[in-house]
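In this text, residue positions in the sequence shown follow my numbering: the first is 570, and each later residue adds one. C-beta: ideal position from N, C-alpha, C; glycine also. Here's the structure we're looking at; comments come further down.
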Amino acid sequence: MSDTPSSSGMISALLQEERRFPPPPALAATANGKADLYERAAKDPLAFWAEMAGGIDWATPFTKVLDWNVPWAKWFVGGTLNASVSCVDRHALGARRNKAALIWEGEPHVAGNLGGETRVLTYGDLYREVNRAAHAIRALGIEKGDRVAIYMPMVPEAAIAMLACARLGAAHTVIFGGFAPEAIRDRVNDSGAKLVITADGGYRRGNVIPLYDNVAKAVEGTPGVTHVLVLRRVGESVRPVTLTPGRDVWWHDALDAAPPTPLEPVMVDAEHPLYILYTSGTTGKPKGMLHTTGGYLVGTMASAKYVFDLKDDDVFWCTADVGWVTGHSYLVYGPLANGATCVMYEGAPDWPDKDRFWQIIAKYRVSILYTAPTAIRSFMRFGTDYPKRHDMSALRLLGTVGEPINPEAWIWYHENIGGGRCPIVDTWWQTETGMILITPLPGVTTTRPGSATFAFPGIDADVVDESGQSVPLGSGGYLVLRRPWPAMARTLWGDDERFQQTYWSRFPGLYFTGDGARRDEDGYIWLLGRVDDVLNVAGHRIGTMEVESALVSHPSVAEAAVIGVAHEIKGQALAAFVTPRFGITPDDALADTLKKHVATTIGAIARPDQIYFTAELPKTRSAKIMRRLLRDIAEGRVLGDTTTLTDPAVVADIRERYDHSEA
Ligand code: PRX
570 MSDTPSSSGM ISALLQEERR FPPPPALAAT ANGKADLYER AAKDPLAFWA
620 EMAGGIDWAT PFTKVLDWNV PWAKWFVGGT LNASVSCVDR HALGARRNKA
670 ALIWEGEPHV AGNLGGETRV LTYGDLYREV NRAAHAIRAL GIEKGDRVAI
720 YMPMVPEAAI AMLACARLGA AHTVIFGGFA PEAIRDRVND SGAKLVITAD
770 GGYRRGNVIP LYDNVAKAVE GTPGVTHVLV LRRVGESVRP VTLTPGRDVW
820 WHDALDAAPP TPLEPVMVDA EHPLYILYTS GTTGKPKGML HTTGGYLVGT
870 MASAKYVFDL KDDDVFWCTA DVGWVTGHSY LVYGPLANGA TCVMYEGAPD
920 WPDKDRFWQI IAKYRVSILY TAPTAIRSFM RFGTDYPKRH DMSALRLLGT
970 VGEPINPEAW IWYHENIGGG RCPIVDTWWQ TETGMILITP LPGVTTTRPG
1020 SATFAFPGID ADVVDESGQS VPLGSGGYLV LRRPWPAMAR TLWGDDERFQ
1070 QTYWSRFPGL YFTGDGARRD EDGYIWLLGR VDDVLNVAGH RIGTMEVESA
1120 LVSHPSVAEA AVIGVAHEIK GQALAAFVTP RFGITPDDAL ADTLKKHVAT
1170 TIGAIARPDQ IYFTAELPKT RSAKIMRRLL RDIAEGRVLG DTTTLTDPAV
1220 VADIRERYDH SEA
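Right, here's the structure in full:
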């Protein structure tokens, strides 16, 4: 655990930080009926989840809450439903029909509009559009059980496409718009998608992302794809695209051809696939996490309701991209299942200026903001003048997700964004968990800056030692989950064995998260970062092996090792140690080429900040790369024990060239 780069810094910061924030009295008053959730759920978790399942619409009621045969879970056995009914129909056909479901803001500023282009879709609008899209997608040959890839900008049509797939019983696999053609191709092929939904482009920090062009390149290598459905977002004058006849269809043409009547939702079994979402692991191949319909919807609906204390008049803004699990669970399924109003923003937080988020919060009177610590740390650096320019008095609750938040950033967020009055929910979860699992409940939990506090009701989180035994309060270990939960991933798409191996074999019978954690004397949980070769760069999960594979796919590279180094804003940054092939002379130009090569193979999020060339990589006698040593070198620390190295001279050589330490 001493290997976890973020842990030592976090802990020393925490030790200095003794502040505690009890819920404000007003919130505590509204928390009535919630405080006893923990008790009820602990007493009878299955009865608790059955009660939560009452919050979504079922076509056929389930007959059993859980069928559990480690690690295979079936939740809400016998139940049938359609996720789009709970997220859209029941609001659109009821009292919320004219309530805003999605408030969308485009990135480019529009004169006279206090920011960007605005589109508001009421639940009635969303119902109409989801139905039209479902008709259009079905007309392209998609049926229950098929897969559809979605590679879209942050526009309402991304959510519409997801819900339309769900309506047909087809699983979507959303691919983050920052991924490169090769990464798209791998995901499309692995999932077996027949259709790809994309757009001509999307705006990001003033640039246009060439989404269609990336898809066009990717589908050259995807024999299973029969059609590409293309939304016109930026327009012909900004990004002309030439569709391939027979394969590509414009979104507007396809939807205009749809019949005006609703498409009867396809009722599916509770365990029918809702989506596959790829995430990084410890091998070079991303893992397709499979989420199913009933349990996922119950988990995201219940957690959105209680963690964000959602009320009918809230304006909820989750800033995550739909390409990540946070966008799936808390921009689309969770809040919509609650009938909430969600803000969706297309672009970058600092475009055209560094107060864009605060401008959006003021413009739509956002009451709940859910964002990542990396964003908060960037805002801290921009200074307090930017938030001060805007009226953010509607905010009542703040959330963070994706990475540990350092107490300093927590307090800055609390004071400068929340005006000292908004509780902060630091929520821990993963693509695999589908829903928030460790979090305070606003109005109930006394928070401590930097701690995600306690497990959500019904969740049994524990910190264990190497042998799987709970560690005493006040100590650290591995974070595990002792009981199944409804929104858990059911398997890895097409690879049951890897699922079992990765998550359920380290500690038999327990789910291993891959995270280190510590529990303080009062039982508060403090996340310490990953204990495996998965990095968290600016809240994005990146596997070291993926980046290493991309590097060695370049003809100049013989071998590469990638590590995470502490970074003030991003939490971690990528550094790569590269051994060039024989006869290649390493120089700055090659370093730049390799950085670009990674960006065009995976995506810009995986581009290393630093490349160090070395004649050899330091390895143990069993041929394992000594990453700890590389981290020490990259972070300029005095080197630790090198006695197990095959050739200590290797380190001396790297050090000579790159040593930044005082030692
Ligand atoms: O290391 C943990 C970190 O993010 C990982 C999961 O990444 P991903 O599947 O991409 O999902 C991110 C959004 C849910 C975890 O294993 N992580 C997530 N939330 C927190 C966190 N680390 C500390 N504190 C958190 N609140």
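Of the heavy atoms belonging to ligand 1, none sits nearer than 7 Å to the Cβ of Val-1116. Counting only the Cα atoms, Gly-685 lies some 24 Å from Gly-968. In the three-state reduction of the DSSP assignment, Cys-656 falls in the helix class, which pools H, G and I.
Going by DSSP, Ala-1158 is part of the alpha helix (DSSP H) stretching over 1157–1170.
Annotation for Gly-864: the continuous alpha helix (DSSP H) segment containing it runs 862–876.
Counting C-beta pairs with one atom in each stretch, the stretch 767–777 and the stretch 718–738 have three or more that are closer than 8 Å, which means they touch. Nearest C-alpha to Gly-624 among Leu-635, Arg-609, Ala-611 and Val-654: Val-654. DSSP assignment within the stretch 1084–1117 yields no whole alpha helix (DSSP H) run of 4 residues or more. Going by C-alpha positions, Leu-866 is about 22 Å away from Asp-694. Residue ranges of uninterrupted beta strand (DSSP E) with 3 or more members, entirely inside the stretch 699–747 and ordered along the chain, are 716–719 and 740–743. Remark: C-beta atoms of Val-1116 and Ile-1171 approach each other more closely than 8 Å. Rounded to the nearest angstrom, the Cβ distance from Arg-774 to Ala-917 is 4 Å, consistent with a contact under 8 Å.
Per DSSP, Met-621 is not a residue of any beta strand (DSSP E); the alpha helix (DSSP H) it occupies stretches across 614–622.
Taking the Cα of Asn-776 as reference, the smallest distance to any Cα among Gly-675, Arg-666, Gly-602 and Ala-1127 is reached at Gly-675. Remark: the shortest separation between the CB of Glu-972 and any heavy atom of ligand 1 falls under 7 Å. Partner residues in the beta bridge of Asn-638, as assigned by DSSP, are Trp-641.
Distance from the CA of Gly-681 to the CA of Gly-1019, rounded to the nearest whole angstrom, comes to 41 Å.
According to the DSSP assignment, Asp-759 belongs to the alpha helix (DSSP H) that extends over 750–760. Here the C-alpha atom of Ala-616 lies approximately 12 Å from the C-alpha atom of Phe-645. One thing to note: Tyr-933 has its Cβ within 8 Å of the Cβ of Val-912. Here Thr-953 is exposed. Its C-beta has fewer than 16 other C-beta atoms within 10 Å. Pro-973 sits buried, since 16 or more C-beta atoms from the chains shown fall within 10 Å of its C-beta. Here Ser-849 is near Val-1103, since their CB atoms are less than 8 Å apart. Within the stretch 1038–1076, the alpha helix (DSSP H) runs of at least 4 residues that lie entirely inside it are, in chain order, 1065–1073. Scanning its chain for C-beta atoms nearer than 8 Å, with the 5 sequence neighbours on each side dropped, one finds around Ile-929 the residues Glu-674, Gly-684, Trp-886, Val-912, Tyr-914 and Val-935, in chain order. Relative to the non-hydrogen atoms of ligand 1, the Cβ of Ala-873 never comes closer than 7 Å to any of them. One thing to note: Arg-1196 has its Cβ within 8 Å of the Cβ of Ala-1130. Burial is judged here by how many other beta carbons sit within 10 angstroms of a residue's own beta carbon; Asp-1216 has fewer than 16 and is exposed.
Counting every other CB atom within 10 Å of its CB across the protein chains shown gives Gln-1070 a total below 16, marking it as exposed. With fewer than 16 other beta carbons inside 10 angstroms of its own, Trp-637 counts as exposed. DSSP lists no bridge partner for Glu-608. For Thr-940, the closest of Ile-993, Pro-921, Lys-923 and Ala-963 by C-alpha to C-alpha distance is Ile-993. In this structure the stretch 851–863 does not lie against the stretch 874–891, because fewer than three pairs of beta carbons, one per stretch, are closer than 8 Å. Residue ranges of uninterrupted alpha helix (DSSP H) with 4 or more members, entirely inside the stretch 933–980 and ordered along the chain, are 942–951 and 954–957. Assignment of Gly-663 by DSSP, reduced to helix, strand and coil, places it in the coil class.
Inter-residue distance for Leu-732 and Val-757 is about 19 Å (C-alpha atoms, whole angstroms).
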